[in-house]
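Contents: one structure, followed by commentary.
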Amino acid sequence: MESIEGVEFSAQAIIDTIEAIKRVESLNNTEKSENLKKANDILRDIIKEKQCRKCQNICDNLNSCEFCIRNYLVSRFEKWTSENEEIDEWIESCQKKIRRPDHIIEWIPYSNLQDIQYTSEGGMYHKMKALWTEGRYTSWDFKYQELKRFGPHYVTIKNVSMNNPNLEQSLQEIKAHLLLTSTMSPVIRIYGLTRDGNDDYMIITENVSYTLKSYLKDNIHTLSWVTKYRILQNILESLASIHNKKFIHGDLHSGIIRLSTSREIWLIGDLRYCRSVDNPSEVSFGTMPYVAPEMLKGTTEKMTISSDIYSFGMVMWEVSTGRQPFDEMPTRLLSDEIVSGSRPKIMEGTPSHYANLMIDCWKEDPLSRPSLAKIQSEISKTLEDYFKDVMSPQEQEEMREINFLKTEFVAASTTKQEYVSKPNQGRKDIEIIKYDQIEKEEFFDGVGRISFGTMSERRVAIKTLQINKLDKTKERMNSILSELLQQKISRWDHIYQDKNIVEFLGVGIKDEKNLFLVMPFANNGNLRKYIKNNKLPFGEKLEVAKGIVNGIKVLHNNNIVHGNINPDNILIFDKVPKISNLPLPFENKDLKSKDLYICGELFNNIGYVDPNSFLESSKSHKKDNYPVDIYSLGTLLWEIMSEKVPYRNDGVLI
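Numbering of the sequence shown is given in UniProt numbering, commencing with residue 1 and proceeding in unit increments.
Here it is, written out as structure tokens:
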């Protein structure tokens with residue numbers, strides 16, 4: 001059976017299941033018919049839930065239907081032109097295939113770029129920084145059937161001369177960027193193309209600052225080994241995103257690794273030489289000191305993922321020394337020396353684990369080099385061992401919190417049932433939000449944890465997180481946690497995109513010490529207020545109850561125990577109930593907490609707490625402790641139907 005375009009992984013899994021049922025010889029015809037009927041019923045429900053109310057197509061996200069977005073973009077084709085037929089056709093082709101509003105490649109009029117500043121120059125390119133007055137597309141307005149923009153923000157411009165015979169290479173780079181940034185892949189994101197008065201075409205990307213090469217040159221003497229390892233972890237994650245998409249980078253070196261000003265992480269850029277692992281190049285590309293020896297032998301040896309591993313080993317050496325590999329060797333001798341086995345000298349004082357890992361990456365035989373996963377594991381283990389040696393017991397506990405969070409990220413990418421969506425299917429990139437993007441903030445709860453504001457002309461809710469066991473080191477840890485939290489939310493995006501789960505818009509840091517989450521504003525308030533202010537007939541109450549049950553089922557199917565189901569955490573959006581306040585591993589969730597807000601929330605909703613939680617509060621968020629949510633659900637259904645607050649006049653029962 002052909003897969004249905006626009007239907008998420010869950011539907012495809014059911015289609016695969018239907019085909020599998022047909023092939024099972026142990027089932028008789030009656031049993032097959034019964035199982036096929038059940039599978040088809042599930043598939044029908046999934047498709048119905050994904051049918052756009054406007055165009056009736058099956059889409060990934062009802063709030064931002066990709067078919068409606070494509071139709072909108074097609075209707076605007078006549079309103080722009082690059083004056084180059086090939087480029088116009090290519091941009092139009094990209095827009096006809098777009099799946100998300102925040103990943104649109106477009107033609108950007110040069111007049112929309114202001115405050116242009118030259119930042120670097122070299123070879124066939126030069127880079128500039130500019131203010132894009134309109135800003136990138138960020139979301140789809142279903143009501144008005146139009147795309148919304150972020151507003152003014154800075155971008156980086158890479159000049160591509162029209163007279164350059166390698167213009168196709170630049171288009172290849174954009175194509176690779178488009179594919180790699182279709183999920184939350186950590187590579188430099190491309191927004192579109194433009195052209196100046198000199199007929200020079202330019203690639204517009206997210207704003208990036210200095211290269212790793214210049215950063216190391218200026219700061220190498222002040223960098224600790226911990227910082228160096230962190231830099232390598234960023235690079236590895238960026239490279240892994242390329243390899244996971246079955247691409248080879250082909251030109252990895254410190255000059256194309258840049259710091260993202262918005263995401264505050266090191267990202268790999270310049271994907272001109274990216275090639276599919278199924279169609280690798282036999283031609284040597286790249287910067288000579290970083291090129292793997294097999295690519296310099298003049299044979300028919302093809303580029304492989306291991307070629308990138310060799311290059312990463314050279315980047316490791318540069319991170320350790322601040323110098324470019326072979327910087328003292330004449331260029332004319334370099335190729336022969338690399339092929340004959342010459343490698344940079346290990347700097348005195350380099351940790352043995354670090355040195356051994358570099359040497360493994362430099363091995364002449366590509367098959368003997370370590371895998372990317374092994375390198376990541378070795379670096380993580382080295383960092384863990386380092387912290388054990390130099391940290392106090394309290395600091396080690398803080399680091400364990402972060403490591404636990406990383407473990408939870410991995411756990412979150414597994415699913416309980418075969419038809420549950422895979423997290424990396426259509427995953428949304430949750431960006432780090434600058435606090436100054438939020439306007440007209442008003443605090444709601446009296447202790448500064450919940451507030452409302454406006455972001456890009458959209459009403460939003462802001463939740464400031466209470467971080468468990470990290471209070472004394474917030475400034476040091478929050479940047480790490482912010483990045484990890486961004487990854488977690490993005491990996492759980494298939495959950496947050498469910499119709500009965502509150503969506504996350506972003507994560508950020510305010511006052512350099514407090515993490516905050518940004519979510520849509522619930523126009524109908526929480527469940528208790530909604531029931532109180534609206535006399536709901538039985539049928540509408542039943543629909544609300546069904547929505548909540550569906551939301552809890554989605555969480556449990558993805559091995560998530562909410563642990564705090566109550567009316568305050570059920571928000572109503574246009575009569576649709578959505579579960580909010582999903583658990584995060586580093587938040588303080590202990591029922592014995594002395595936090596006034598937590599205590600107030602607890603006693604306002606005492607009837608929703610499983611009595612066993614008071615006896616063993618540390619287990620209330622245990623991954624498999626689903627009964628705590630079921631207990632809360634029962635009380636919630638009672639309040640919906642009776643319109644009464646449980647135990648409000650009966651005192652607290654424990």
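We treat Cβ as the ideally placed atom computed from N, Cα and C, and that holds for glycine.
The structure presented is a predicted model; accordingly, all values stated were derived computationally and were not measured.
With DSSP as the reference, label residue i as helix, strand or coil.
{"i": "Asn526", "result": "strand"}
{"i": "Ser320", "result": "helix"}
{"i": "Glu643", "result": "coil"}
{"i": "Glu49", "result": "helix"}
{"i": "Ile105", "result": "coil"}
{"i": "Asn198", "result": "coil"}
{"i": "Pro366", "result": "helix"}
{"i": "Leu505", "result": "coil"}
{"i": "Leu383", "result": "helix"}
{"i": "Glu540", "result": "helix"}
{"i": "Asp278", "result": "coil"}
{"i": "Arg258", "result": "strand"}
{"i": "residue 656", "result": "The structure shown does not extend to residue 656, since the chain is modelled only from 1 to 654, so the question has no answer here."}
{"i": "Phe312", "result": "helix"}
{"i": "Asp574", "result": "coil"}
{"i": "Trp638", "result": "helix"}
{"i": "Asn71", "result": "helix"}
{"i": "Arg459", "result": "strand"}
{"i": "Thr205", "result": "strand"}
{"i": "Tyr229", "result": "helix"}
Exposed or buried, which one is residue i when buried takes at least 16 other CB atoms within 10 Å?
{"i": "Met295", "result": "buried"}
{"i": "Gln324", "result": "buried"}
{"i": "residue 671", "result": "A question about residue 671 goes unanswered here, because the residues of the chain that appear run from 1 up to 654."}
{"i": "Glu540", "result": "exposed"}
{"i": "Val189", "result": "Strictly speaking, residue 189 in this sequence is Arg, with Val absent from that position. Buried: at least 16 other Cβ atoms inside 10 Å."}
{"i": "Gly551", "result": "buried"}
{"i": "Ile359", "result": "exposed"}
{"i": "Gln417", "result": "Its pLDDT being 32, under 50, Gln417 is placed unreliably by the model, and the measurement read from it follows with that caveat. The residue is exposed, with fewer than 16 neighbouring Cβ atoms inside 10 Å."}
{"i": "Asp327", "result": "exposed"}
{"i": "Arg343", "result": "buried"}
{"i": "Gln56", "result": "exposed"}
{"i": "residue 708", "result": "The chain is shown from 1 up to 654; residue 708 falls before or after that span and cannot be answered."}
{"i": "Ala461", "result": "buried"}
{"i": "Lys50", "result": "buried"}
{"i": "Lys553", "result": "exposed"}
{"i": "Leu636", "result": "buried"}
Write down the C-beta distance between residue i and residue j rounded to the nearest angstrom, noting that I regard them as a contact closer than 8 Å.
{"i": "Val561", "j": "Tyr626", "result": "6 Å"}
{"i": "residue 667", "j": "Lys246", "result": "Residue 667 is absent from the structure shown; the chain starts at 1 and stops at 654."}
{"i": "Asn207", "j": "Val155", "result": "5 Å"}
{"i": "Asn500", "j": "Ile579", "result": "6 Å"}
{"i": "Leu515", "j": "Val507", "result": "7 Å"}
{"i": "Gly322", "j": "Leu216", "result": "5 Å"}
{"i": "Cys65", "j": "Lys54", "result": "7 Å"}
{"i": "Arg263", "j": "Tyr210", "result": "Not a contact, Cβ separation roughly 15 Å."}
{"i": "Pro577", "j": "Glu639", "result": "Wrong, their Cβ atoms sit about 13 Å apart, outside the cutoff."}
{"i": "Val319", "j": "Leu232", "result": "6 Å"}
{"i": "Ile375", "j": "Leu357", "result": "6 Å"}
{"i": "Val549", "j": "Leu633", "result": "7 Å"}
{"i": "Ile495", "j": "Asn558", "result": "6 Å"}
Apart from the five residues just before and just after residue i, which ones in its own chain have a Cβ nearer than 6 Å to its Cβ?
{"i": "Lys363", "result": "Arg369"}
{"i": "Ser238", "result": "Pro186, Val187, Leu267, Ile268"}
{"i": "Leu383", "result": "Tyr229"}
{"i": "Leu196", "result": "The sequence shown places Asp at residue 196, not Leu. Answer for Asp196: Tyr110, listed in chain order."}
{"i": "Lys644", "result": "none"}
{"i": "Ile438", "result": "Gly453, Met455"}
{"i": "His253", "result": "Thr287, Tyr290"}
{"i": "Tyr191", "result": "Arg136, Ile204"}
{"i": "Arg100", "result": "none"}
Between residue i and the rest of its own chain, which residues show a CB-CB distance below 8 Å, the 5 nearest in sequence each way excluded?
{"i": "Lys96", "result": "Arg70, Leu73, Val74"}
{"i": "residue 658", "result": "The shown model of the chain, from 1 to 654, leaves out residue 658, and the question about it has no answer."}
{"i": "Lys127", "result": "Tyr118, Thr119, Ser120, Glu121, Thr156, Ile157, Lys158, Asn159"}
{"i": "Asp471", "result": "With a pLDDT of 45 at Asp471, under the threshold of 50, the modelled position of this residue cannot be trusted; read the value that follows with caution. Cβ within range, chain order: n/a, list empty."}
{"i": "Pro152", "result": "Leu131, Trp132, Thr133, Glu134, Gly135"}
Once the 5 residues before and after residue i are set aside, which same chain residues still bring their CB inside 7 Å of it?
{"i": "His114", "result": "Contrary to the premise, residue 114 reads as Gln rather than His in this sequence. Result list for Gln114: Ala130, Leu131, Thr133, in chain order."}
{"i": "Asp141", "result": "Lys148"}
{"i": "Phe77", "result": "Glu92"}
{"i": "Ile531", "result": "Ile640, Glu643"}
Should the segment 104-113 be called in touch with the segment 85-94, which here means at least 3 C-beta pairs below 8 Å?
In short, these stretches touch, since the Cβ pair count reaches three.
Report yes or no: do the segment 569-577 and the segment 516-524 share at least 3 C-beta pairs separated by less than 8 Å?
The way I'd put it, the segment 569-577 does touch the segment 516-524; three or more beta-carbon pairs between them come closer than 8 Å.
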